[in-house]
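For the record, in the sequence shown the residue sitting at position 138 is 137 according to numbering that gives the first Met the number 0, with numbers rising by one throughout. Beta carbons: idealized from backbone N, C-alpha and C, even for Gly. Remarks on the structure that follows.
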Amino acid sequence: MHRWSRLFIPTLREAPADAVVASHQILVRAGYIRQLGAGIYNYLFLGTRSINKIVAIVREEMDKIGQEFYLPALNPAEIWQESGRWTGMGENMFRLKDRKGADLCLGMTHEEVMTSIARDEVRSYKQLPQIWYQIQTKFRDEPRPKSGLLRVRQFTMKDSYSFDIDEAGLDVSYRLHDEAYRRIFTRCGLEFVAVEADSGAMGGSQSQEFMVYTEAGEDLIASSPDGKYAANIEKATALLAVVEDLPDAELEEVHTPGQRTIEEVGAFLKTQPHHQVKTMAMMAVWPDGKAKSVVAFLRGDHQLNETKLASLVGGAELRPMQPEEIASIFNAPAGYLGPIGLKQSDKLMIVLDKALEGRRNLIAGANKEEFHLRNVTPGVHFNDFVVADVRTVTEGEPDPIGGQPLRIGKAVEIGHIFKLGYKYTESMGARVLDQNGKEVMPIMGCYGIGIERILTSAMELSAAKKGLTDRGDLQYALPPSIAPFEVVITVTKQNDASLAEAGEKIARDLEAAGFDVLLDDRDQSAGVKFKDADLIGVPYRVNIGKKLAEGKVELVDRLSDTVTEHGVGDVVAQLKSAFQK
Ligand SMILES: Nc1ncnc2c1ncn2[C@@H]1O[C@H](COP(=O)(O)OP(=O)(O)O)[C@@H](O)[C@H]1O
Ligand SMILES: [Mg+2]
């Protein structure tokens, strides 16, 4: 049993000035961590306990599908040179030289080391499949370490690597990881979604990121309530609700002096934005300096998704056209641009967003200063375009699988599974003999979990749910499985011998029943003790106070924010049922 009076739990009244996100504030204020340098942290007692609990869950689940290794963080340059990543990793790699002048680096990930083991040791298809994992420190010289433990330069990763004889085998290893990850994150008490990630680069490969919705995240994702559909906003699509077109009429030019924006034109002509065409005039610029004009037409109330458009154009950066560039394509100034009269060429690509396909009698710029057109119908009044989905979906639109309202929000990546293919077995020369005695390359998968990110996401999730106190203090509680303690026993008056004794006894009984217990035996006011207990995020608290005279104690469930009274003798049974122990 741990007695608070003897522990080092340096709680603070204030969060450091640079702590913006909830988890950063909590971790420092609750004495979980202390900063040593930019993106480098000391994990103190509570931080280490939580991390160890997460690691234990990860290990238990990973042991069901793979074998644990422990690889060096210190890597010779040679293996990274073989794979081509010694240069490819650029500035993110921490590099050093040994006393003989040989190049070394600190491992950012371990494909190279794992592949070198497979290459040197695995000879036959009979030895496959293999899943090897480790839980170990990674070093990345992040350009902008920030948000406490969310983006750091030294962190703990569970990384695993699968080696299979063929794609069917890889499918199985990948699925096993998908299932193990879901079990791990669920056991850690997280709500998460699995987002299909970019799979372009590897050619037909598959990749999934496990994300937790939080304002502290750096990605923007969209997902359905049932989790069956989830995608990065750069890729997300939605079913379109049917909109009614304006009644058929002849193409007509209207004078719209000073009316440039969708809103202005809408108000002036008394129509809705979804009856208008928005013209996005962009320049695509490739790294070699080559450029091409790209004009996209979207529904007036829709937003252009530059990433979708950029990938349609093919690996270029997009920027808005300059006024001269606009004039050269449209012969009109911004505000009056539209589709009629444009021709595609090797200098100009014209894109009609899918949401405008089949629409009729729209309002668009006339390509003539101070004029718009009514009753423009794509395919009738203009034909030269490619149709593509280049818009950004918005909150509440129906998801493309089940038609459920999409949730859009920032999220943080807690894990990533990836079908790697032959990249490393090829570059590093790993070969095995197949059933026919022929030399073949094993196919690989790689899979990562950010251990600290499980803790930080749990804090962010709970803090977001609970909100601030009236006095503006953060509130949160950790899931029991990853909290540093499951229960804290708060003796409200330590110098009252009967209270102190009852605290000791309940703590002992709980421990005997398999609970991880913290006894707050400090000689402090009840107020301070309650505050500290809340601050360290322990999900259950037993208050030993005045009611003890009647044989009663209070049980505070901080996850559901309920307080109940129990007989001294019943509190263990009560907690057992809450924990299903
Ligand atoms: N700088 C970092 N600080 C904390 N955790 C990190 C950091 N970089 C990556 N992680 C965690 O490690 C997991 C696996 O890493 P990986 O997918 O290679 O990272 P990334 O997507 O940032 O390149 C990520 O899903 C994330 O949870
Ligand atoms: Mg990743």
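Which parts of the segment 178 to 244 are runs of the beta strand (DSSP E), unbroken and 3 residues or longer, counting only runs that do not cross its ends? 192 to 195, 206 to 212, 218 to 222 and 229 to 231
Taking C-alpha atoms, which residue in Gly364, Glu110 and Phe162 lies nearest to lysine 125? On the sequence shown, position 126 is the one that residue 125 refers to. Taking only the C-alpha atoms, the option nearest lysine 125 is Phe162.
Taking 8 Å as the threshold (C-beta atoms), are leucine 558 and leucine 148 in contact? Sequence index remark: in the sequence shown, residue 148 carries index 149 (1-based). Sequence index remark: in the sequence shown, residue 558 carries index 559 (1-based). It is not a contact, given that the beta carbons lie outside the stated cut-off.
Can you give the Cα-Cα distance for leucine 517 and glutamine 66, rounded to whole angstroms? Sequence index remark: in the sequence shown, residue 517 carries index 518 (1-based). Sequence index remark: in the sequence shown, residue 66 carries index 67 (1-based). Rounded to whole angstroms, leucine 517 to glutamine 66 spans 34 Å at the Cα level.
Limits of the unbroken alpha helix (DSSP H) element including lysine 422: Here residue 422 refers to the residue found at position 423 when the sequence shown is read from its first residue. That run of the alpha helix (DSSP H) goes 422 to 426.
Within this structure, are the beta carbons of tyrosine 539 and leucine 574 separated by less than 8 Å? The residue labelled residue 539 in the question sits at position 540 within the sequence shown. The residue labelled residue 574 in the question sits at position 575 within the sequence shown. Yes.
With 16 other Cβ atoms within 10 Å as the buried cut-off, status of arginine 174: Numbered from its first residue, the sequence shown carries residue 174 at position 175. Per the 10 Å Cβ criterion, exposed.
contact_flag[the segment 139 to 147, the segment 32 to 52] where n(CB pairs < 8 Å) is 3 or more: yes
Classify phenylalanine 267 as helix, strand or coil using the three-state DSSP reduction. On the sequence shown, position 268 is the one that residue 267 refers to. Phenylalanine 267: helix per DSSP, three-state reduction.
Hey, methionine 282 and alanine 295 are a contact pair by Cβ (cut 8 Å); roughly how many whole angstroms apart? Position 283 of the sequence shown, counted from the start, is the residue given in the question as residue 282. Position 296 of the sequence shown, counted from the start, is the residue given in the question as residue 295. About 12 Å separates the two Cβ atoms, so there is no contact after all.
Taking only three categories from DSSP, how would you classify tryptophan 85? Position 86 of the sequence shown, counted from the first residue, corresponds to residue 85. If DSSP states are grouped into helix, strand and coil, tryptophan 85 belongs with the helices.
What does the alpha-carbon distance come out to for the pair isoleucine 448 and arginine 48? Counting from one through the sequence shown, the residue named residue 448 turns up at place 449. Counting from one through the sequence shown, the residue named residue 48 turns up at place 49. Using only the alpha carbons, I get a separation of about 18 Å.
For asparagine 374, list the residues DSSP reports as bridge partners. For the purposes of this step, residue 374 is taken as the residue at position 375 of the sequence shown. DSSP, once it has assigned bridges, lists no residue as partnering asparagine 374.
Any chance you could list the alpha helix (DSSP H) runs of at least 4 consecutive residues sitting entirely within the segment 337 to 411, in chain order? Qualifying alpha helix (DSSP H) stretches: none in this window.
Express the C-alpha separation of glycine 536 and leucine 45 in angstroms, rounding to a whole number. Locating residue 45 in the sequence shown gives position 46, counting from the first residue. Locating residue 536 in the sequence shown gives position 537, counting from the first residue. If you draw a straight line from the Cα of leucine 45 to the Cα of glycine 536, it is about 10 Å long.
Is it true that the segment 518 to 531 meets the segment 561 to 569, where meeting means three or more beta-carbon pairs spaced less than 8 Å apart? As far as the Cβ criterion goes, the segment 518 to 531 does not touch the segment 561 to 569, which means the pair count is below three.
By DSSP, does tyrosine 475 sit in helix, in strand, or in coil? Translated into the one-based positions of the sequence shown, residue 475 becomes position 476. Coil at tyrosine 475, not helix or strand.
Assuming contact is defined by CB atoms lying nearer than 8 Å, are isoleucine 56 and serine 461 in contact in what I supplied? The residue labelled residue 56 in the question sits at position 57 within the sequence shown. The residue labelled residue 461 in the question sits at position 462 within the sequence shown. Their beta carbons are not under 8 Å apart, which means isoleucine 56 does not touch serine 461 by this criterion.
Note down the Cα distance separating proline 256 from alanine 331, rounded to an integer number of angstroms. Here residue 256 refers to the residue found at position 257 of the sequence shown. Here residue 331 refers to the residue found at position 332 of the sequence shown. Looking at the two C-alpha atoms, the distance is approximately 13 Å.
At the level of alpha carbons, what is the spacing between lysine 545 and alanine 476? Start at 1 with the first residue of the sequence shown, and residue 545 comes out as number 546. Start at 1 with the first residue of the sequence shown, and residue 476 comes out as number 477. Those two C-alpha atoms are separated by around 26 Å.
Given a cut-off of 8 Å, decide if isoleucine 339 and phenylalanine 381 are closer than it, judged by their beta-carbon atoms. For the purposes of this step, residue 381 is taken as residue 382 along the sequence shown, with counting starting at 1. For the purposes of this step, residue 339 is taken as residue 340 along the sequence shown, with counting starting at 1. In this structure, phenylalanine 381 places its C-beta atom within 8 Å of the C-beta atom of isoleucine 339.
Restricting to runs no shorter than 3 residues, where is the beta strand (DSSP E) found entirely within the segment 484 to 551? 486 to 490, 516 to 519 and 539 to 543
Roughly how many angstroms lie between the CA atoms of arginine 2 and leucine 534, to the nearest whole one? For the purposes of this step, residue 2 is taken as the residue at position 3 of the sequence shown. For the purposes of this step, residue 534 is taken as the residue at position 535 of the sequence shown. In this structure, the CA atom of arginine 2 is about 17 Å from the CA atom of leucine 534.
Rounded to whole angstroms, what is the Cα-Cα separation between lysine 234 and lysine 307? Working through the sequence shown from its first residue, we reach residue 234 at position 235. Working through the sequence shown from its first residue, we reach residue 307 at position 308. Spanning the two alpha carbons is a distance of roughly 7 Å.
How many Å lie between glutamate 190 and tyrosine 212 at the Cα? Taking the first residue of the sequence shown as position 1, residue 190 is located at position 191. Taking the first residue of the sequence shown as position 1, residue 212 is located at position 213. Each residue's alpha carbon lies about 8 Å from the other.
Can you tell me whether glutamine 258 is buried or exposed, with buried defined as 16 or more other CB within 10 angstroms of its CB? For this step, residue 258 is matched to residue 259 along the sequence shown. Result: buried.
If you pair each beta-carbon of the segment 156 to 172 with each one of the segment 389 to 404, do three or more pairs fall below 8 Å? The answer is no - the segment 389 to 404 does not touch the segment 156 to 172, with fewer than three Cβ pairs under 8 Å.
For serine 292, count neighbouring C-beta atoms within 10 Å of its own C-beta (all shown protein chains included) and say buried if the count is 16 or more, exposed if not. In the sequence shown, the residue the question calls residue 292 occupies position 293. Classification of serine 292: buried, given that the 10 Å Cβ count is 16 or more.
With DSSP collapsed to three states, give me the class of alanine 572. Taking the first residue of the sequence shown as position 1, residue 572 is located at position 573. The answer is helix: DSSP assigns alanine 572 an H, G or I state.
With three or more beta-carbon pairs closer than 8 Å as the criterion, would you say the segment 374 to 394 touches the segment 227 to 245? yes
Please enumerate, following chain order, all residues with a beta carbon closer than 7 Å to at least one heavy atom belonging to ligand 3. Within the structure as shown, ligand 3 is missing, the only ligands being ligand 1 and ligand 2.
For glutamine 647, is the classification buried or exposed, using 16 other Cβ atoms within 10 angstroms of its Cβ as the cut-off for buried? Because the chain spans 0 through 580 in this model, residue 647 falls outside it and cannot be assessed.
Pick out whichever of Val19, Ile8, Ala354 and Ile53 has its Cα sitting closest to the Cα of arginine 33. Sequence index remark: in the sequence shown, residue 33 carries index 34 (1-based). For the residues Val19, Ile8, Ala354 and Ile53, the minimum Cα distance to arginine 33 belongs to Ile8.
Would a C-beta distance cut-off of 8 Å place isoleucine 78 and valine 112 closer than the cut-off? Within the sequence shown, residue 78 is the residue found at index 79, counting from 1. Within the sequence shown, residue 112 is the residue found at index 113, counting from 1. Yes, the pair counts as a contact, with Cβ atoms nearer than the cut-off.
Residue closest to alanine 72, alpha-carbon to alpha-carbon, out of Thr376, Thr155, Ile362 and Val242: Against the sequence shown, residue 72 aligns to sequence position 73. Cα-wise, what sits closest to alanine 72 is Thr155.
Apart from the five residues on each side of it in sequence, which residues of its chain come closer than 6 Å, Cβ to Cβ, to glycine 216? By one-based count along the sequence shown, residue 216 stands at place 217. Taken in chain order, the residues that qualify are Lys409, Ala410 and Val411.
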